[in-house]
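Below you'll find the structure, written out as structure tokens, and then a few comments.
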Ligand SMILES: *[C@@H]1O[C@H](CO)[C@@H](O)[C@H](O)[C@H]1NC(C)=O
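In the numbering used here, the protein residues as written are 731 to 1201.
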């Protein structure tokens, strides 16, 4: 099946250097369940209560996936949010120009509804998985004026107002970007249709960002009043040039469409590998999420998977530690309330069965990462402090404390105390004698920059990893 070819390219960018995985400390070593069945539904309700906003945790589904019985059970008890893996892409939804066919997209939404789940839209614009009549030989003004808005309208209108968020544009930023590029340069660096023609000649086609503004303006007109509209991309989440591009792009979209910031989102796909440098640290994610929170923009983990070389116990534990850090980064951020795992089990993963990149094994049983994710959700819902960065290994982060949790139904039968206390000793750190401007970081674990703030602003703690100069 045609899948995310661009993301295969992306993975090649990460240097594939085999490093030994560190020994890690997990909540599932400290009283949380590591065996038995998991029922996340009541836990996720408690998470939403604690967050003060609905928290959506889910995975991908299509009606033609194997083992539909497993899907039904697992989307009632574990994944509670649905993204159509392929059914809402352009090739599926407008196979003939101007003729909308939402059959599969709507069927995946019905699956969500019938299992008590919410639904997220992916996607209204992507340069891949296009219908045979696209990219075609259309002019820039035909694309921007008619073809893109017509498609966005028929899809968003057709799925209705309950969709939590839409990936309005998917993978529009290049991989060779550098700091300081304008949003247009970031998009042109992609070198893909529609900023160049699709015939391989590299001829410029759409020479400004009007196709993106057209997509967002149309989405804003037809989406529900609280549906978030996202720019979605891979290899993003840290303090790097590509992440800077998606942030500057969302600001540029706001300035050119007047869509309020609180309706906009950045989707961080998070197709990862379990070795240092092939995922973002919790600190890096927290910093990026805080930057977006200051704007009022939502952050979402939209396509998470973690390739491991073999599913031995050490790799499975490292995978659990990374997954735990990512879900904590989302849970403890004020502006993150959607977390999608890309493909629900190993044998159905686009990364391949051998990559063992999902939360469930090929028999449909939960892996250590699934139990650890359940534990992080429970730990958050109980009001406990954020655990330390478990993917850093036990030399940096050792979780102590006890929790008593029965297996089978995950009914908490005892109190959980001091989960999340750590051996991390770094304090707020930072340099004196210099000044951070408004919206710039001024403290947090690991911060080595300026701790004083420009006049008129004060250094405010947003989380343990990030303080920012704000008025
Ligand atoms: C949800 O929260 C309620 C109230 O604090 C608690 O009684 C219940 O055990 C929690 N449920 C789960 C599954 O953690």
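Cβ atoms here follow ideal geometry from the backbone N, Cα and C, with glycine treated the same way.
Asked                                                                                                                : Found
heavy atom of ligand 1 below 8 Å from residue 1111 C-beta                                                            : yes
Opening and closing residue of the alpha helix (DSSP H) in which residue 866 lies                                    : Counting along the chain, residue 866 falls outside any alpha helix (DSSP H), and DSSP gives it neither H nor E.
Residue 807 Cβ short of 8 Å to ligand 1 heavy atom set                                                               : no
Proximity to residue 753 [Cα-Cα], best of 1126, 887, 1167                                                            : 1126
CA-to-CA distance, residue 1185 to residue 1036, given in whole angstroms                                            : 44 Å
Per DSSP, cross-strand counterpart(s) of residue 911                                                                 : Its beta-bridge partners do not exist; DSSP assigns none.
DSSP-derived helix/strand/coil call for residue 989                                                                  : coil
4-residue-minimum alpha helix (DSSP H) runs that sit fully inside the region 801-859, ordered along the chain        : 820-823, 833-844
Check: residue 1129 C-beta below 8 Å from any heavy atom of ligand 1                                                 : no
Given 8 Å, three or more beta-carbon pairs between the region 810-827 and the region 841-853                         : yes
Residue 1093, DSSP secondary structure in three states                                                               : coil
Buried or exposed (CB count within 10 angstroms, at least 16 for buried), residue 924                                : buried
At least three beta-carbon pairs within less than 8 Å, the region 995-1012 to the region 934-952                     : no
Distance CB(residue 897)-CB(residue 860) smaller than 9 Å                                                            : no
Beta strand (DSSP E) segment containing residue 1032, residue limits                                                 : 1028-1037
Coil, strand or helix - residue 797 by DSSP                                                                          : coil
Residue environment, residue 1093, which counts as buried when at least 16 other CB atoms sit within 10 Å            : exposed
Own chain partners of residue 984 with C-beta closer than 7 Å, once the 5 adjacent residues on each side are dropped : 991, 994
Rounded distance between the beta-carbons of residue 1008 and residue 783, thought under 8 Å                         : That pair is no contact at about 31 Å.
Cα-Cα separation between residue 1199 and residue 1020, rounded to whole angstroms                                   : 11 Å
Sequence-distant residues of the same chain with beta carbon closer than 6 Å to residue 881, five excluded per side  : 824
DSSP bridge partner residues for residue 772 (one or two, in chain order)                                            : Paired residue(s): none; residue 772 is not in a bridge.
Residue 1091 versus residue 1031: straight-line alpha-carbon distance, rounded                                       : 21 Å
Residue 1072, DSSP secondary structure in three states                                                               : coil
Closer than 8 Å: residue 773 CB and nearest ligand 1 heavy atom                                                      : yes
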